[in-house]
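Under the working numbering, the first residue of the sequence shown carries the number 1, and numbering increases by one thereafter. Yeah, the Cβ is synthetic: ideal placement off N, Cα and C, and Gly gets one too.
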Amino acid sequence: MTILDGKKVSDDIKDEIAAAVAVMKERGERIPHLAAVLVGNDGASLTYVGSKVRACERVGFRSTLIRLPNTTSEIELLKEIDELNKDEDIDGFIVQLPLPKQIDTQKVLMAIDPDKDVDGFHPTNFGKMALDMTTFIPATPFGIIELLERYNVETKGKHTVVIGRSHIVGRPMSILMGRRGFPGNSTVTLTHSHTKNISQITTQADIIITALGVPGFLKAEMVKDDVVVIDVGITRVPDETRKRGYYITGDVDFENVSKKSTYITPVPGGVGPMTIAMLLKNTLLACEWRRQTT
Ligand code: GUN
């Protein structure tokens with residue numbers, strides 16, 4: 001069993017990006033600038049956005065954090081997005097999800113200039129991804145693809161089962177694993193809350209990608225021997241014995257499933273750090289693509 005070490009691979013990617021930034025600086029080129037919009041005070045979102053800003057510092061990017069109150073109206077947020085779209089100094093930006101319930105998420109994502117949409121959530125970019133065109137790939141699926149590639153995990157002709165059909169992870173993941181090329185060329189089954197007898201499907205899987213947010217959902221009896229397991233779950237479980245008051249756990253019963261796996265991602269230290277590294281990668285691409293067209 002090999003651990004797919006997202007912490008190490010993401011550190012490698014950050015080093016590669018930092019080296020690219022050093023070359024840009026030497027050439028007197030613009031340095032990538034990422035902005036993040038955070039609406040409200042959700043604890044997990046605060047942590048994620050904080051990590052994204054720190055990661056920018058580490059690779060030498062410029063970053064801007066825009067914090068708006070929980071009571072922000074849809075119009076106010078759309079105005080902020082319009083300003084970021086027009087701001088020549090910003091290469092890419094993200095609006096951290098989830099948004100407060102008075103705001104229509106799809107409307108907000110549609111308002112982002114696709115050329116600055118480093119999350120890859122705009123329908124234009126999602127469509128381009130589905131059509132194998134060069135574009136921003138959502139950071140979490142992009143990170144999983146990168147992990148499979150760097151560990152040379154065979155995906156061709158394999159049966160990949162994706163659990164969860166979220167727009168951020170499950171849906172794009174199902175498209176990417178079925179694409180031509182490597183990683184890809186898998187036969188994909190996308191399962192969700194209406195799937196009947198999910199164990200019957202997961203026991204047929206060569207690769208399982210679970211993005212459900214249910215701690216310990218995937219148990220040893222639900223997988224076959226030599227399975228590859230990618231755990232995208234990150235649930236905070238309250239625990240007063242910890243300094244933070246919680247611990248982070250994934251969708252997989254790691255202790256038992258890992259015994260049957262060839263490759264498996266841990267939580268934490270698997271997919272999570274890869275997401276941030278790939279957001280940086282998309283921001284670097286945004287900056288490079290902008291330079292080529294202006
Ligand atoms: N919330 C959870 N994951 C993500 C992500 O990748 N991007 C944004 N913007 N919000 C998220």
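Proximity test, residue i beta-carbon vs the ligand GUN heavy atom, cut-off 7 Å
i, result
"I94", "yes"
"L65", "no"
"T72", "no"
"I168", "yes"
"G97", "What sits at residue 97 in the sequence shown is Leu, not Gly. Yes, the ligand GUN has a heavy atom inside 7 Å of this Cβ."
"T294", "no"
"D82", "no"
"A139", "yes"
"D119", "yes"
"T160", "no"
"T283", "no"
"T187", "no"
"T275", "yes"
Between the CA atoms of residue j and residue i - distance to the nearest angstrom
i, j, result
"Y263", "E88", "43 Å"
"I230", "Q102", "34 Å"
"L99", "G164", "20 Å"
"R291", "A35", "18 Å"
"V49", "D12", "21 Å"
"S174", "I207", "12 Å"
"F126", "D115", "12 Å"
"T2", "A44", "29 Å"
"R58", "G269", "18 Å"
"D132", "V169", "17 Å"
"G40", "T71", "8 Å"
"M278", "E240", "33 Å"
"T191", "A22", "43 Å"
"G245", "P172", "33 Å"
"V161", "Q204", "9 Å"
"I209", "A18", "30 Å"
"A211", "I144", "12 Å"
"F121", "R179", "18 Å"
"S193", "T283", "34 Å"
"L109", "I75", "13 Å"
Run of the alpha helix (DSSP H) containing residue i, from where it starts to where it stops
i, result
"P238", "Per DSSP, P238 belongs to no alpha helix (DSSP H); it is in the beta strand (DSSP E), 235-238."
"L77", "74-86"
"R54", "43-59"
"L279", "271-293"
"L148", "139-150"
"I198", "198-202"
"T71", "Counting along the chain, T71 falls outside any alpha helix (DSSP H), and DSSP gives it neither H nor E."
"L176", "170-178"
"S10", "6-26"
"V108", "105-111"
Spatial neighbours of residue i in its chain, beta-carbon cut-off 7 Å, leaving aside the 5 residues before and after
i, result
"I276", "S10, S51, K52, A55"
"T155", "L148, M177, F182, P183, G184, N185, S186, I207"
"Y247", "V237, D239"
Host beta strand (DSSP E) of residue i (start-end)
i, result
"Y246", "246-249"
"F93", "92-95"
"I209", "207-210"
"R67", "62-68"
"D39", "Asp is not the amino acid found at residue 39; the sequence shown has Val there. Per DSSP, V39 belongs to the beta strand (DSSP E) from 33-39."
"L131", "Per DSSP, L131 belongs to no beta strand (DSSP E) and is neither H nor E."
"T191", "187-191"
"T160", "159-163"
"V229", "227-231"
Cβ-based neighbour list, residue i, same chain, cut-off 8 Å, excluding 5 preceding and 5 following
i, result
"K260", "A220, V223, K224, D225, D226, V227"
"G216", "T249, D251, V252, D253"
"E80", "V37, I66, L68"
"N256", "K219, A220"
"E83", "none"
Proximity test, residue i beta-carbon vs the ligand PLP heavy atom, cut-off 7 Å
i, result
"D11", "For the ligand PLP, the structure offers nothing, since it holds only the ligand GUN."
Sequence-distant residues of the same chain with beta carbon closer than 6 Å to residue i, five excluded per side
i, result
"R67", "L38"
"F142", "M278"
"K158", "S186, D206, I207"
"H167", "none"
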